[in-house]
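Just so you know, the sequences run in chain order D and A.
Residue numbers for the first sequence follow the numbering used here, beginning at 1 and rising by one.
Residue numbers for the second sequence follow the numbering used here, beginning at 1001 and rising by one.
Beta carbons are placed, not taken as given, at the ideal position from N, Cα and C, and that holds for glycine.
Just so we're clear, the structure is a prediction, and the values are computed from it rather than from any experiment.
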Amino acid sequence: MSDLKALIEAVIKGDIKSATVETQKALDSGNNAQDILDKGLLVAMDEVGAMFSSGQLFVPQMLRSAKTMQECIKVLEPFFQEGGAISKGKVIIGTVKGDLHDIGKNLVSMMMEGSGFRMFDLGVDVSPERFVQKTQEIEPDIVAMSALLSTTMPSMRQTIEALEQAGIREKVKVMIGGAPVTEKYAREIQADCYAPDAGSAVTKAKGLLDIL
Amino acid sequence: MIIVGEKINTSRRSIAEAVENRDVSYIAGVAREQAEAGAHYIDVNAGTFLEQEAKCLCWLVETVQSAVGLPLCIDSPDPRALSEAMKRHKGEPIINSISLETKRFRSLLPVVTSQPCHVVALCVAETSMPTTVEERVQVGSELINRLTDVGFPLERIYVDLLVQPVSVDTRMGIATLGAIARIMNDFPGVNTICGLSNISFGLPARRLINRSFLTLCLAYNLSAVILDPTDKQLMATLLAVEMLLTRDDYCENFINAYQSGRISDR
Chain D
1 MSDLKALIEA VIKGDIKSAT VETQKALDSG NNAQDILDKG LLVAMDEVGA MFSSGQLFVP
61 QMLRSAKTMQ ECIKVLEPFF QEGGAISKGK VIIGTVKGDL HDIGKNLVSM MMEGSGFRMF
121 DLGVDVSPER FVQKTQEIEP DIVAMSALLS TTMPSMRQTI EALEQAGIRE KVKVMIGGAP
181 VTEKYAREIQ ADCYAPDAGS AVTKAKGLLD IL
Chain A
1001 MIIVGEKINT SRRSIAEAVE NRDVSYIAGV AREQAEAGAH YIDVNAGTFL EQEAKCLCWL
1061 VETVQSAVGL PLCIDSPDPR ALSEAMKRHK GEPIINSISL ETKRFRSLLP VVTSQPCHVV
1121 ALCVAETSMP TTVEERVQVG SELINRLTDV GFPLERIYVD LLVQPVSVDT RMGIATLGAI
1181 ARIMNDFPGV NTICGLSNIS FGLPARRLIN RSFLTLCLAY NLSAVILDPT DKQLMATLLA
1241 VEMLLTRDDY CENFINAYQS GRISDR
């Protein structure tokens, strides 16, 4: 298998043109699509997430890398095996009821998608009932909730309670985040984890599902 | 330019601790330093206290007002907390904020009409946040019309055109600026207000971005701003730009600030 270093570098830089060319080159030289994804694109996005969390990369650079990743996936898509695993797990994500802020939620969603999770974005103002309904329908591994207002944080607790009442709390991991949210609050409402930013959301999600 | 000092916000750890311990002298100190630096209103926000928010906000109102003789900008998305804190306020506060979100609008309208006050009209629609200039102007206009329809005075409304990060979409800065100009033009007498720090979320050198954005806001006719008045570079920018925009006769404010050591050239 040929070296994917140039591809990895192009994704980290967010150079869409070079990255898609490198993806095509890797295919042409006989790599299979799954390997290019696992050993190229996902490795690059892990690095991007880590660099973002440590302050070496900034939001626009992270978005650019995520976009680059998506374009590369388009090149690979026709070559994936039937049911080809581009998924580390299924994640339902949404901003809780009464809250219309979506910037942070979108960043998290984009980074998780870029890291191989299959994302189901329910948007903003998502009620506990809707989280429950979608959890039953999609059977995700993780339910991720965002809130930017202190007044809407209680909705996180209500959603967890609603999952309990529906008898499906044990089937999913619950992850929360947003400016006013804290580790302490996550413990208090018995969420499984708190993620302070988009980079660490990826790491924490992998931790929850025991993925290296 | 009306300056609202933003420092008394429990999302800052030192403030949260002071509120937790009911540390009167610390809070009074932060209030005084902002007043001395030129704030016209002192913002108080206890949002991180959740269930305790209303109680903490009331304590902040009383504590800050006994330290400085200034009116406050009472800052909460919770109508009940705003209503309780407002009852303890002497003079005419700025209530921050009402929006078009149905529940928030309905429950706050009776509050802001119950006693003389100013109100921040935050441009958030019933079920979405605006992104373009057009959407902002539409939501802002609707808020102004609904408030003035029930007799709320136009000149007591501060439209917040919603500042969103340029890191996520580079058009966000101009979206707010364009909307400020339009609202100021379409509703003579109304005020516009914004915070600065959202603009620089996700980017390095944030203070530089914030004060550059302030310069642009001033040029687009913003009339009030929520900021840290103890940030000397920021205040120096504000005073210099106001002067350059013919809002400082004989350059008096600028020179006074320089001679009293409040601003410097570095």
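Go to residue i, then tell me how far its beta strand (DSSP E) extends in each direction, as first and last residue.
i: D/Gly213; result: Here chain D has residues from 1 to 212 only, and residue 213 of chain D is not among them.
i: D/Arg118; result: 117-121
i: A/Cys1194; result: 1191-1195
i: A/Leu1227; result: 1224-1227
Along chain D, which residues have their Cβ under 8 Å away from the Cβ of residue i?
i: A/Leu1050; result: Ser150, Met153, Pro154
i: A/Pro1165; result: Val59, Ile103
Have a look at the DSSP bridge pairing and note the partners of residue i.
i: A/Leu1122; result: A/Asp1160
i: D/Gly177; result: D/Ser146
i: D/Met138; result: As written in the sequence, residue 138 of chain D is Ile, which differs from the Met given in the question. In the DSSP output, where bridge partners are listed per residue, D/Ile138 has none listed.
i: A/Tyr1041; result: A/Val1004
i: A/Asn1096; result: A/Asp1075, A/Val1120
i: A/Val1064; result: A/Val1064 pairs with nothing; no bridge assigned.
i: D/Tyr194; result: D/Ile176
i: D/Val126; result: D/Val96
i: A/Asn1009; result: A/Asn1045
When you compare the CB of residue i with every CB in chain A, is at least one pair closer than 8 Å?
i: D/Val48; result: no
i: D/Asp125; result: yes
i: D/Ile12; result: no
i: D/Leu100; result: yes
i: D/Gly177; result: no
i: D/Met1; result: Any reading at D/Met1 must be qualified, since the residue scores a pLDDT of 49, below 50, and its modelled position is unreliable; no value is offered.
Label residue i either buried or exposed according to how many other C-beta atoms from any shown protein chain fall within 10 Å of its C-beta, with 16 as the threshold for buried.
i: A/Ala1205; result: exposed
i: D/Gly114; result: buried
i: A/Lys1087; result: exposed
i: A/Asn1096; result: buried
i: A/Arg1182; result: buried
i: A/Ala1257; result: buried
i: D/Gln190; result: exposed
i: A/Tyr1250; result: exposed
i: A/Gln1259; result: exposed
i: A/Leu1208; result: exposed
i: A/Gly1091; result: exposed
i: D/Glu170; result: exposed
i: A/Gly1173; result: buried
Could you tell me whether any Cβ in chain D is nearer than 8 Å to the Cβ of residue i?
i: A/Leu1267; result: Nothing can be reported for residue 1267 of chain A: it is not among the residues displayed for chain A, which extend from 1001 to 1266.
i: A/Gly1202; result: yes
i: A/Thr1127; result: yes
i: A/Asp1265; result: no
i: A/Val1124; result: yes
i: A/Glu1053; result: yes
i: A/Asp1078; result: yes
Can you name the residues of chain D whose CB is closer than 7 Å to the CB of residue i?
i: A/Met1001; result: In chain order: nothing, as chain D lies at least about 27 Å away.
i: A/Glu1092; result: Residues of chain D passing the Cβ test: none, with the nearest at roughly 25 Å.
With respect to the alpha helix (DSSP H) encompassing residue i, which residues constitute its N-terminal and C-terminal limits?
i: D/Cys72; result: 59-76
i: D/Lys13; result: 5-13
i: A/Tyr1258; result: 1252-1259
i: A/Pro1130; result: Unbroken run through A/Pro1130: none, as it is neither H nor E.
i: A/Thr1215; result: 1206-1219
i: D/Ile211; result: Per DSSP, D/Ile211 belongs to no alpha helix (DSSP H) and is neither H nor E.
i: D/Pro154; result: 154-165
i: A/Glu1102; result: According to the sequence provided, residue 1102 of chain A is Thr. The question's Glu does not apply to it. 1102-1112 is the span of the alpha helix (DSSP H), which, as asked, contains A/Thr1102.
i: A/Thr1176; result: 1172-1186
i: A/Ser1025; result: 1024-1036
i: D/Arg187; result: 183-188
i: A/Phe1152; result: That residue, A/Phe1152, is in no alpha helix (DSSP H); it is neither H nor E in DSSP.
i: A/Gly1069; result: Premise fails: A/Gly1069 is in no alpha helix (DSSP H) and is neither H nor E.
Report the neighbours of residue i on chain A: residues whose CB is nearer than 9 Å to its CB, in chain order.
i: D/Leu57; result: Under the 9 Å cutoff, chain A gives no residues; its nearest Cβ is about 10 Å from D/Leu57.
For residue i, go through chain D and note every residue whose CB falls closer than 9 Å to its CB, in chain order.
i: A/Val1168; result: Val59, Pro60, Leu63, Ile103, Asn106, Leu107
Residue i touches chain A at which residues, Cβ-Cβ below 8 Å?
i: D/Pro180; result: Ser1011, Gly1047, Thr1048
Given the structure, does residue i come close to the ligand PLP, in the sense that its CB is under 7 Å from one of the ligand's heavy atoms?
i: D/Pro154; result: The ligand PLP is not part of this structure, which contains no ligands at all.
Examine chain E for any beta-carbon lying closer than 8 Å to the beta-carbon of residue i, and answer yes or no.
i: A/Gln1034; result: No chain E is part of this structure, whose protein chains are labelled D and A.
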